[in-house]
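Q: Sequence positions in the sequence shown follow the numbering used here and run 1 to 259. All C-beta atoms, glycine included, are put in the ideal place defined by N, C-alpha and C. Computed from a predicted structure; not experimentally measured.
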Amino acid sequence: RDVGYELPLSFLEAALGCKKQIKISRLETCAEFSGKGTAKGTNPETCPDCGGSGQVRTQRRTPFGVIQSMGACSKCGGKGKIIRDPCKKCKGLGRVRVSKTLEVSVPAGIDNGQTFILRGQGDHGVNGGPAGDVNVTVSVRPDPTFERDGFDVWCDIPLTFAQATLGDEITVPTIDGKAKYSVPEGTQNGTVFRLRGKGIPYLNGRDKGDQYVRVQIEVPRNLSGKQKEALKNFDATMNEKNYEKRKSFFDRFKDMAGK
1 RDVGYELPLS FLEAALGCKK QIKISRLETC AEFSGKGTAK GTNPETCPDC
51 GGSGQVRTQR RTPFGVIQSM GACSKCGGKG KIIRDPCKKC KGLGRVRVSK
101 TLEVSVPAGI DNGQTFILRG QGDHGVNGGP AGDVNVTVSV RPDPTFERDG
151 FDVWCDIPLT FAQATLGDEI TVPTIDGKAK YSVPEGTQNG TVFRLRGKGI
201 PYLNGRDKGD QYVRVQIEVP RNLSGKQKEA LKNFDATMNE KNYEKRKSFF
251 DRFKDMAGK
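Okay, structure coming up:
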């Protein structure tokens, strides 16, 4: 059968892909006597009730006549064999539970709650049957800088009043490292700009999403007296052309008051 495993990842590990070691518990074929489940020097016996088929025919009388059906043999549990002297290691089951360490390659672009499969790494099959899989479900921890939206990445970046007013070349963090961006003069708080191809890789694809950067203008605090005076002198030089949104708002307010 399949084995489940939950793998915790950081935001960047999920976005870029990584290699991890995981430790699972699975059933493996008992190394003693090729998993037959018998003690040394003995072999399983053919079940006398089902003749080794694992199934028996039953009859049941009903008002409509006798109904015949096939079902699992109760003596051998449907196995067709009976173990008189079981292996001490596996207790006759033919499989033992072991702890196994596996190295896994996490695909780039995987998202929180998604699952990737390790084929044939689950429980070993009974009587030489095929092995199950390991279903690895990822749990991605929140990141203090980045947020994910599909294959796009969002982040906030603080700007000073002077940077937003005059424009500036800034350094923006991305999942691939640092990138340069020229902020135009007059940038307003909440403005969003896009860095194409700086997002998360598409699963099993060559394309990538984009990164969106949201501007947060930080109002200065703890100003000295000299700084406050300089700011007042600067504000005194401002006029309506410098504050278009403010002018538009108060113009609408005047129109409403005049009605």
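1. According to DSSP, which residues form a beta bridge with Leu-203?
2. Look up Phe-116 in the DSSP assignment and say whether it is helix, strand or coil.
3. Can you tell me where the alpha helix (DSSP H) with Glu-13 in it begins and where it stops?
4. Mapping DSSP to helix, strand and coil, what is Thr-145?
5. So, with DSSP's three-state summary, where would you put Glu-229?
6. Can you look up Lys-88 in the DSSP assignment and give me helix, strand or coil?
7. May I ask you to report which of helix, strand or coil DSSP gives Val-126?
8. Under the rule that 16 or more other beta-carbon atoms within 10 Å means buried, what is Lys-241, buried or exposed?
9. Return the chain-ordered list of same chain residues with a C-beta closer than 7 Å to the C-beta of Ser-25, the five sequence neighbours on each side being excluded.
10. Mapping the DSSP letters down to three states, classify Asp-2 as helix, strand or coil.
11. Under three-state DSSP, which class holds Gln-121?
12. Assuming Val-192 contacts Leu-159 (C-beta within less than 8 Å), just tell me the rounded distance between them.
13. Using the Cα positions of Arg-214 and Trp-154, report the straight-line distance between them to the nearest angstrom.
14. Just to confirm the assignment, what range does the alpha helix (DSSP H) spanning Thr-165 have?
15. Report yes or no: do the stretch 108-125 and the stretch 137-147 share at least 3 C-beta pairs separated by less than 8 Å?
16. What residue from Lys-79, Phe-64, Gly-65 has the CA that sits closest to Gly-71's CA?
17. Helix, strand or coil for Glu-185? Go by DSSP, reduced to three states.
18. For Ile-67, collect the residues of the same chain with a Cβ closer than 6 Å to its Cβ; drop the 5 residues on either side in sequence, then sort them by chain order.
A: Looking at the atomic coordinates:
1. For this step, residue 203 is matched to residue 203 along the sequence shown. Paired residues: none, contrary to the question.
2. Start at 1 with the first residue of the sequence shown, and residue 116 comes out as number 116. Residue state, collapsed to three classes: strand.
3. Taking the sequence shown and counting its residues from 1, the one referred to as residue 13 is at position 13. That run of the alpha helix (DSSP H) goes 11-16.
4. Position 145 of the sequence shown, counted from the start, is the residue given in the question as residue 145. In this structure, DSSP gives Thr-145 a state outside helix and strand, which the three-state scheme calls coil.
5. As a position in the sequence shown, residue 229 is number 229, starting the count at 1. Correct three-state label for Glu-229: helix.
6. The count along the sequence shown starts at 1 and reaches residue 88 at position 88. Of the three classes helix, strand and coil, the one that applies to Lys-88 here is coil, per DSSP.
7. Within the sequence shown, the letter at position 126 stands for residue 126. In the three-state scheme derived from DSSP, where H, G and I count as helix and E and B as strand, Val-126 is classed as helix.
8. Here residue 241 corresponds to residue number 241 of the sequence shown, with the count starting at 1. The residue is exposed, with fewer than 16 neighbouring Cβ atoms inside 10 Å.
9. Indexing the sequence shown from 1 puts residue 25 at position 25. If the five residues before and after Ser-25 are omitted, its C-beta is found closer than 7 Å to the C-beta atoms of Arg-97, Ser-99, all from its own chain and listed in chain order.
10. Locating residue 2 in the sequence shown gives position 2, where the first residue counts as 1. Coil.
11. Residue mapping note: residue 121 aligns to position 121 of the sequence shown, counting from 1. Three-state DSSP puts Gln-121 in coil, outside helix and strand.
12. Along the sequence shown, one-based indexing puts residue 192 at 192. Along the sequence shown, one-based indexing puts residue 159 at 159. Val-192 to Leu-159, Cβ: 13 Å. No contact.
13. Working through the sequence shown from its first residue, we reach residue 214 at position 214. Working through the sequence shown from its first residue, we reach residue 154 at position 154. When rounded, the distance between both Cα atoms is 7 Å.
14. Here the question's residue 165 lines up with position 165 in the sequence shown. DSSP places Thr-165 in the uninterrupted alpha helix (DSSP H) bounded by 161-166.
15. Contact between the stretch 108-125 and the stretch 137-147 is present: three or more C-beta pairs spanning the two stretches fall below 8 Å.
16. Position 71 of the sequence shown holds residue 71. It is Lys-79.
17. Against the sequence shown, residue 185 aligns to sequence position 185. The answer is coil: DSSP assigns Glu-185 none of H, G, I, E or B.
18. Here residue 67 corresponds to residue number 67 of the sequence shown, with the count starting at 1. Cβ within range, chain order: Arg-60.
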